Amino acid sequence: MGLEEEAGGSAKILPPTEQELSAELDTKLQKYLRGEGADLEALKDKKLKGQLFVREKLYGNSAKAAAKFEKWLMPSEGGYLEAEGVEKTWRIKQDQLTREVDILSSRNQYDIVLKDLGPYTLDFTPSGRYMATAGRKGHVAIVDMKSMELIREMQVKETVRDIVFLHNESFFAVAQKKYPYIYNRDGIELHCLKEHGAVSRLQFLKNHFLLASINKFGQLRYQDVTTGGTVSMWKPTSAAPLVKMLCHHGPISALAFHPNGHLMASCGREKKIKIWDLRKFEVVQTIPGHHAKTLDFSQKGLLAAGTGSYAQVLGDFSGTQNYSRYMGHSIAKGYQIGKVSFRPYEDVLVMGHSMGWSSILIPGSGEPNFDTWVANPFETSEQRREKEIHSLLDKLPPETIMLDPSKIGTLRPYKKREKPTKEEIEAEKEAAVESVKDIALKKKTKGRNKTSKRVMKRKVLIDKAKKPFLEKQMLEEGKVAGKKRNLGEETELPASLKRFVRKKAAV
Amino acid sequence: MKVKVISRSTDEFTRERSQDLQRVFRNFDPKLRPQEKAVEYVRALNAAKLEKIFARPFIGAMDGHIDAISCMAKNPNFLKGIFSGSMDGDIRLWDIASRKTVCQFPGHQGAVRGLTASTDGSTLISCGTDCTVRIWSVPVAATLESDHASNKPIEANAVYVGKNAYWAVDHQWGGDLFATTGARVEIWNHNRSQPVNTFEWGTDTVISVRFNPGEPNLLATSASDRSIALYDLRMSTPARKLIMQTRTNSIAWNPMEPLNFTAANEDCSCYSYDARKLDEAKCVHKDHVSAVMDIDYSPTGREFVTGSYDRTVRIFPYNGGHSREIYHTKRMQRVFCVKFSSDASYIISGSDDTNLRLWKAKASEQMGVLLPREQKKHEYQEAVKNRYKHLPEVKRIVRHRHLPRPIYKAKELRRTVIDAEKKKEERRKAHSTPGSIVTESVRKRRIIREVE
Numbered sequence: 001m002g003l004e005e006e007a008g009g010s011a012k013i014l015p016p017t018e019q020e021l022s023a024e025l026d027t028k029l030q031k032y033l034r035g036e037g038a039d040l041e042a043l044k045d046k047k048l049k050g051q052l053f054v055r056e057k058l059y060g061n062s063a064k065a066a067a068k069f070e071k072w073l074m075p076s077e078g079g080y081l082e083a084e085g086v087e088k089t090w091r092i093k094q095d096q097l098t099r100e101v102d103i104l105s106s107r108n109q110y111d112i113v114l115k116d117l118g119p120y121t122l123d124f125t126p127s128g129r130y131m132a133t134a135g136r137k138g139h140v141a142i143v144d145m146k147s148m149e150l151i152r153e154m155q156v157k158e159t160v161r162d163i164v165f166l167h168n169e170s171f172f173a174v175a176q177k178k179y180p181y182i183y184n185r186d187g188i189e190l191h192c193l194k195e196h197g198a199v200s201r202l203q204f205l206k207n208h209f210l211l212a213s214i215n216k217f218g219q220l221r222y223q224d225v226t227t228g229g230t231v232s233m234w235k236p237t238s239a240a241p242l243v244k245m246l247c248h249h250g251p252i253s254a255l256a257f258h259p260n261g262h263l264m265a266s267c268g269r270e271k272k273i274k275i276w277d278l279r280k281f282e283v284v285q286t287i288p289g290h291h292a293k294t295l296d297f298s299q300k301g302l303l304a305a306g307t308g309s310y311a312q313v314l315g316d317f318s319g320t321q322n323y324s325r326y327m328g329h330s331i332a333k334g335y336q337i338g339k340v341s342f343r344p345y346e347d348v349l350v351m352g353h354s355m356g357w358s359s360i361l362i363p364g365s366g367e368p369n370f371d372t373w374v375a376n377p378f379e380t381s382e383q384r385r386e387k388e389i390h391s392l393l394d395k396l397p398p399e400t401i402m403l404d405p406s407k408i409g410t411l412r413p414y415k416k417r418e419k420p421t422k423e424e425i426e427a428e429k430e431a432a433v434e435s436v437k438d439i440a441l442k443k444k445t446k447g448r449n450k451t452s453k454r455v456m457k458r459k460v461l462i463d464k465a466k467k468p469f470l471e472k473q474m475l476e477e478g479k480v481a482g483k484k485r486n487l488g489e490e491t492e493l494p495a496s497l498k499r500f501v502r503k504k505a506a507v
Numbered sequence: 508m509k510v511k512v513i514s515r516s517t518d519e520f521t522r523e524r525s526q527d528l529q530r531v532f533r534n535f536d537p538k539l540r541p542q543e544k545a546v547e548y549v550r551a552l553n554a555a556k557l558e559k560i561f562a563r564p565f566i567g568a569m570d571g572h573i574d575a576i577s578c579m580a581k582n583p584n585f586l587k588g589i590f591s592g593s594m595d596g597d598i599r600l601w602d603i604a605s606r607k608t609v610c611q612f613p614g615h616q617g618a619v620r621g622l623t624a625s626t627d628g629s630t631l632i633s634c635g636t637d638c639t640v641r642i643w644s645v646p647v648a649a650t651l652e653s654d655h656a657s658n659k660p661i662e663a664n665a666v667y668v669g670k671n672a673y674w675a676v677d678h679q680w681g682g683d684l685f686a687t688t689g690a691r692v693e694i695w696n697h698n699r700s701q702p703v704n705t706f707e708w709g710t711d712t713v714i715s716v717r718f719n720p721g722e723p724n725l726l727a728t729s730a731s732d733r734s735i736a737l738y739d740l741r742m743s744t745p746a747r748k749l750i751m752q753t754r755t756n757s758i759a760w761n762p763m764e765p766l767n768f769t770a771a772n773e774d775c776s777c778y779s780y781d782a783r784k785l786d787e788a789k790c791v792h793k794d795h796v797s798a799v800m801d802i803d804y805s806p807t808g809r810e811f812v813t814g815s816y817d818r819t820v821r822i823f824p825y826n827g828g829h830s831r832e833i834y835h836t837k838r839m840q841r842v843f844c845v846k847f848s849s850d851a852s853y854i855i856s857g858s859d860d861t862n863l864r865l866w867k868a869k870a871s872e873q874m875g876v877l878l879p880r881e882q883k884k885h886e887y888q889e890a891v892k893n894r895y896k897h898l899p900e901v902k903r904i905v906r907h908r909h910l911p912r913p914i915y916k917a918k919e920l921r922r923t924v925i926d927a928e929k930k931k932e933e934r935r936k937a938h939s940t941p942g943s944i945v946t947e948s949v950r951k952r953r954i955i956r957e958v959e
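Which chain is which? The protein sequence lines are A and B, in order.
Following my numbering, the numbering of the first sequence begins with 1 at its first residue and continues without gaps.
Following my numbering, the numbering of the second sequence begins with 508 at its first residue and continues without gaps.
Have a look at this one:
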């Protein structure tokens with residue numbers, strides 16, 4: 001026993017550097033463990049317990065290996081900006097920065113002025129290599145950011161409201177005046193998506209291959225770009241929205257999501273930026289003083305807010321989601337910033353404004369180490385083709401769009417089958433009625449197009465949509481009334497006649 | 508101020524020459540993969556579907572015998588060969604790769620009941636209902652390659668005649684003794700024409716025998732008085748006997764855990780026992796719908812194959828109650844013997860329709876030499892499928908096996924019978940004083956008693 005104690009004691013006394021190392025690795029380990037392990041003490045099945053014990057040990061080993069890999073084997077280090085002495089980071093100007101960094105990085109700071117063709121909006125491919133920009137007056141351009149080469153430039157001769165890349169740089173979608181169009185890398189129009197109508201914003205879900213669009217009537221549509229079929233309204237499995245949040249006292253001007261999936265930043269007209277925690281739907285922080293027309297989070301969690309001709313970058317440096325000023329940049333007076341977007345895997349922020357676009361350096365905003373199988377800025381065409389095929393094979397079905405995607409494969413907590421609450425039923429009914437109201441009825445000719453008849457027809461359609469909900473409601477009420485009636489009958493009859501009451505089985 | 512910005516030089520991240528491999532950089536951060544679980548689920552689903560697409564377990568049939576095949580033997584020294592004996596006395600050595608007969612060993616007058624090869628692979632011993640034990644020497648030249656002008660008949664080295672018909676034979680591992688059974692258990696030496704030792708316990712025929720791979724002096728036999736007996740050669744009397752409710756047709760020892768053996772029983776299930784503790788089965792393997800005729804363990808000790816009277820071959824995990832795989836063909840009739848090949852990749856089944864059939868142990872496995880990348884991909888698919896195999900969509904695909912109609916019907920019938928019995932038992936229990944009716948555990952239920 002004495003020997004055992006000695007051995008145990010010597011294992012604990014580590015030299016101080018090793019202690020620091022192990023503490024550092026422990027913090028990194030938490031990230032790779034992806035939550036708590038299973039509680040094995042509560043299991044009675046010994047075989048399952050043994051199997052799960054082995055599995056948990058393997059998870060621990062793989063998390064340790066990943067933590068060590070992160071510490072020792074990553075090729076690049078992240079960027080940083082440290083102010084010395086009295087200077088503050090938010091007072092540092094871009095020309096000061098460009099003088100300090102190397103030539104290649106200083107080339108990332110530039111302004112492109114295109115006066116005629118309207119405010120520019122932009123989008124990046126997930127690897128950050130290609131950028132698609134579109135000016136309001138119809139100028140569409142695809143740029144290779146590594147070589148600053150213009151891949152394709154065209155004029156669509158219509159108002160353009162938004163542009164997004166599809167799964168890679170070969171396809172992009174442009175929200176034009178009447179409908180959104182999908183173009184090829186060479187500028188050839190591939191599809192015109194007529195059902196979407198006049199779209200104001202587009203977004204592409206790259207794991208699901210879904211193109212989401214919202215048009216001026218407020219309709220949200222998901223279109224599967226591989227098969228061409230539309231999915232449905234809010235969430236592909238329910239017609240009513242999942243969560244409704246009242247964020248600001250007035251209209252919301254900008255929204256952005258943090259890459260970890262828990263945080264959301266929103267800005268309203270009352271000049272406040274609010275940071276929300278999406279797990280509890282609570283405000284984490286309110287930052288006063290900005291009426292940001294556009295917001296964006298970087299891969300490392302920095303928040304860029306564009307107001308007028310000034311872009312402010314906020315960061316949380318203590319790790320407690322407390323955002324404070326980090327850097328700022330004001331472009332020429334009179335230029336209005338339309339969209340800010342961080343470039344993935346680079347320390348660069350690109351702002352699309354009314355006279356073109358500008359790119360500035362924000363040290364510490366991009367993820368320094370990319371994963372070749374996720375997004376590769378140095379992709380060759382063969383690798384691009386392979387990746388396309390692999391991501392098509394891994395295409396997620398629309399049912400996996402959910403609030404917490406890590407719940408797939410876990411046990412649903414046992415709940416007694418709850419009836420949907422009254423509000424939920426109401427919401428479903430409203431959504432059904434709304435969808436019916438949009439159906440365009442054919443206008444008849446030859447004198448058969450009376451207004452009264454059209455109104456009647458529309459009424460009939462709305463009633464048909466409401467019918468299943470009303471029927472269910474009546475059934476419920478019938479049940480309740482029946483129960484009440486049964487109770488009532490029994491209390492009214494005298495005792496001697498009670499045996500003759502027909503005892504029906506409960507419905 | 509101190510400033511550093513991410514700047515990547517192209518030559519660090521791209522390859523130098525076009526003959527080089529492309530460089531791959533990894534970052535395992537979960538933040539870069541927001542929907543990893545959903546992607547894994549889709550991959551598990553696709554892996555399950557692909558496995559079913561590539562599942563082609565039947566390789567071929569070895570044709571040649573003219574009567575039902577009664578027994579088979581593996582050659583421990585030669586991977587490609589298998590011996591088979593049929594009900595008309597014909598013994599053949601087959602080359603599995605070409606599925607042709609290498610040589611024949613004619614001589615038996617009646618059915619060949621038992622075949623076994625010595626540990627060094629040079630001698631084959633056979634016994635049959637004509638009361639003879641024959642010793643043959645396996646031709647070495649023929650084992651190296653199968654000639655086209657093969658089927659050379661070979662003369663027996665020795666013929667030992669006994670008093671009663673013999674039912675089974677097995678050779679000791681690493682020794683030079685072999686045991687035959689019939690009316691009693693007899694231990695022989697290669698050179699002696701009379702048995703060296705005899706064991707007798709009761710008056711019933713002993714129908715199968717197996718030597719323990721780990722302990723060369725231990726052997727297990729099963730007799731038609733529904734018993735399994737363990738014998739130790741160093742003792743003069745038999746060691747232990749276990750009597751069950753139905754007869755055991757065959758026994759196989761686990762090569763990796765030599766203290767455990769599994770018995771293939773007439774009541775459609777297999778019982779795994781620990782030889783030290785025979786009063787309770789370790790595991791009951793239930794899936795067949797008719798008597799289990801033969802059983803053989805894989806060299807890994809993790810699974811075993813059984814052949815049954817219901818015309819199917821099933822593969823069970825060593826500790827699992829249900830089969831992981833079932834093989835059947837319209838042309839395969841009652842399966843009388845099965846063997847797992849010594850490299851754990853193939854299964855050979857000998858059946859009533861005079862054919863030996865060669866199957867893959869893993870139905871969707873790609874045979875041959877795989878590139879390391881292919882190997883890794885297969886392992887990944889297997890792992891991701893196992894992680895999500897409890898989810899309904901994946902489970903439905905992984906569990907699905909086509910059963911022939913008679914077996915499907917028989918299974919349903921058994922299910923209803925078992926359910927009815929269970930319900931009756933439960934009701935009896937519910938309506939009697941608590942504790943008066945005690946249900947026996949499944950592992951003990953079929954055992955009558957243990958005898959020293």
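C-beta: ideal position from N, C-alpha, C; glycine also.
As the structure is a computational prediction, the values presented were derived from the model and not from experiment.
Quiz item: Is B:LYS869 close to chain A, meaning its C-beta is less than 8 Å from at least one C-beta of that chain?
Solution: No, its Cβ sits nowhere closer than 8 Å to a Cβ of chain A.
Quiz item: Is the segment 596 to 609 of chain B touching the segment 900 to 908 of chain B in the sense that three or more CB pairs, one from each, lie closer than 8 Å?
Solution: No contact exists between the segment 900 to 908 of chain B and the segment 596 to 609 of chain B.
Quiz prompt | CB contact below 8 Å: A:ASN369 versus chain B | solution = Cβ-Cβ to chain B under 8 Å: yes for A:ASN369.
Exercise. Return helix, strand or coil for A:LEU508, following the three-state DSSP convention.
Key: The structure shown does not extend to residue 508 of chain A, since chain A is modelled only from 1 through 507, so no value can be given for it.
Quiz item: So is A:LYS387 in contact with chain B if we call contact Cβ pairs under 8 Å?
Solution: Taking Cβ atoms only, chain B never reaches closer than 8 Å to A:LYS387, which makes this a no.
Quiz item: Which of the residues in the segment 60 to 75 of chain A, read from start to end, lie with their CB under 8 Å from any CB of chain B?
Solution: Cβ contacts with chain B come from ALA66, PHE69, GLU70, MET74, PRO75.
Quiz item: Should A:GLY301 go down as buried or exposed, given a rule of 16 or more other Cβ atoms within 10 Å for buried?
Solution: By the neighbour-count rule (16 or more Cβ atoms within 10 Å), A:GLY301 is buried.
Quiz item: Taking the continuous alpha helix (DSSP H) assigned at A:GLN383, which residues delimit it?
Solution: A:GLN383 -> alpha helix (DSSP H) spans 381 to 393.
Practice problem: Return yes when the Cβ of A:THR286 is within less than 8 Å of the Cβ of A:LYS272, no when it is not. | Solution: Against a cut-off of 8 Å, the Cβ pair of A:THR286 and A:LYS272 comes out as a contact.
Quiz item: Do you know whose CA, among A:THR133, A:LYS206, A:ALA427, lies nearest A:VAL374's CA?
Solution: Scanning A:THR133, A:LYS206, A:ALA427 for the CA closest to the CA of A:VAL374 turns up A:LYS206.
Self-check item: Own chain, CB closer than 8 Å to A:ASP508, minus 5 neighbours either side, in chain order
Solution: This structure does not reach residue 508 of chain A, given that chain A is present from 1 up to 507, and the question cannot be answered.
Quiz item: Going by the CB atoms, is the gap between A:SER127 and A:TYR345 shorter than 8 Å?
Solution: The answer is yes: Cβ separation under 8 Å.
Quiz item: From which residue to which residue does the beta strand (DSSP E) around A:ASP111 run?
Solution: Boundaries of the beta strand (DSSP E) harbouring A:ASP111: 110 to 113, taken from the DSSP string.
Exercise. Compare the Cα-Cα distances from A:THR445 to each of A:LYS453, A:ASP438, A:ILE439 and report the closest residue.
Key: Out of A:LYS453, A:ASP438, A:ILE439, A:LYS453 has the C-alpha closest to the C-alpha of A:THR445.
Self-check item: Residues that B:THR521 contacts on chain A, provided the C-beta gap is smaller than 9 Å
Solution: Here the neighbours are PHE378, THR380.
Exercise. Just confirm the distance between the C-beta atoms of A:LEU263 and A:LEU278, as a whole number of angstroms; I'd bet it's less than 8 Å.
Key: The beta-carbon distance between A:LEU263 and A:LEU278, rounded to whole angstroms, is 7 Å. This is short enough to meet the 8 Å contact definition.
Practice problem: Under 7 Å between beta-carbons, which chain A residues line up against B:ASN761? List them in chain order, please. | Solution: Neighbours of B:ASN761 in chain A, taken as residues whose beta carbon is under 7 Å from its own, are absent, since the nearest beta carbon is some 17 Å off.
Quiz item: How would you write the range of the alpha helix (DSSP H) that A:TRP72 sits in, first residue to last?
Solution: Taken as a continuous stretch (DSSP letters only), the alpha helix (DSSP H) holding A:TRP72 covers 46 to 72.
Quiz item: How many angstroms separate the CA atom of B:HIS829 from the CA atom of B:GLU764?
Solution: Approximately 20 Å between the Cα atoms of the pair.
Self-check item: Where A:GLN219 sits in the DSSP three-state scheme
Solution: Looking at A:GLN219 - three-state DSSP - the assignment turns out to be coil, as it is neither helix nor strand.
Quiz item: Expressed to the nearest angstrom, what Euclidean distance is found between the alpha-carbon atoms of B:SER734 and B:VAL796?
Solution: Cα to Cα, B:SER734 sits roughly 22 Å from B:VAL796.
Exercise. Identify, in the order they occur along the chain, each residue of the same chain with its Cβ nearer than 6 Å to the Cβ of A:ILE252, setting aside the five sequence neighbours on each side.
Key: These residues qualify, in order along the chain: SER266, GLY268.
Quiz item: For A:LYS498 and chain B, any beta-carbon pair shorter than 8 Å?
Solution: Contacts with chain B at 8 Å (Cβ-Cβ) do not include A:LYS498.
Exercise. Anything in chain A within Cβ reach of B:LEU557, meaning under 8 Å, just list it in chain order.
Key: Per Cβ cutoff of 8 Å: no residues; B:LEU557 is ~10 Å from chain A at best.
Quiz item: Exposed or buried, B:TRP643, counting other C-beta atoms within 10 Å across all chains shown (16 or more means buried)?
Solution: Looking at its Cβ environment, which holds 16 or more other Cβ atoms inside 10 Å, B:TRP643 is buried.
Quiz item: Using Cβ-Cβ distances below 9 Å, what residues of the segment 894 to 927 of chain B are close to chain A?
Solution: So the list reads ARG894, TYR895, HIS897, LEU898, given in the order they occur along the chain.
Self-check item: Local conformation of A:ASP26 per DSSP, three classes
Solution: Helix, per DSSP.
Exercise. Pull up the CB-CB distance for A:HIS139 and A:LEU117, whole angstroms please, since I reckon it's below 8 Å.
Key: Contact between A:HIS139 and A:LEU117 holds: CB atoms are separated by about 4 Å, below the 8 Å threshold.
Self-check item: Runs of alpha helix (DSSP H) lying entirely within the segment 509 to 567 of chain B, each at least 4 residues, in chain order
Solution: Listed in chain order, they are 517 to 520, 543 to 560.
Self-check item: Sequence-distant residues of its chain with Cβ nearer than 7 Å to B:THR636 (five each side left out)
Solution: Listed in chain order, the non-local C-beta contacts of B:THR636 below 7 Å within the same chain comprise GLY617, ALA618, ARG620, ALA672, local neighbours out to five positions each way being set aside.
Quiz item: Counting along the chain, where does the beta strand (DSSP E) carrying B:PRO824 start and finish?
Solution: Counting along the chain, the beta strand (DSSP E) containing B:PRO824 begins and ends at 820 to 824.
Quiz prompt | DSSP three-state assignment for A:GLU18, whether helix, strand or coil | solution = Here A:GLU18 sits in helix by DSSP.
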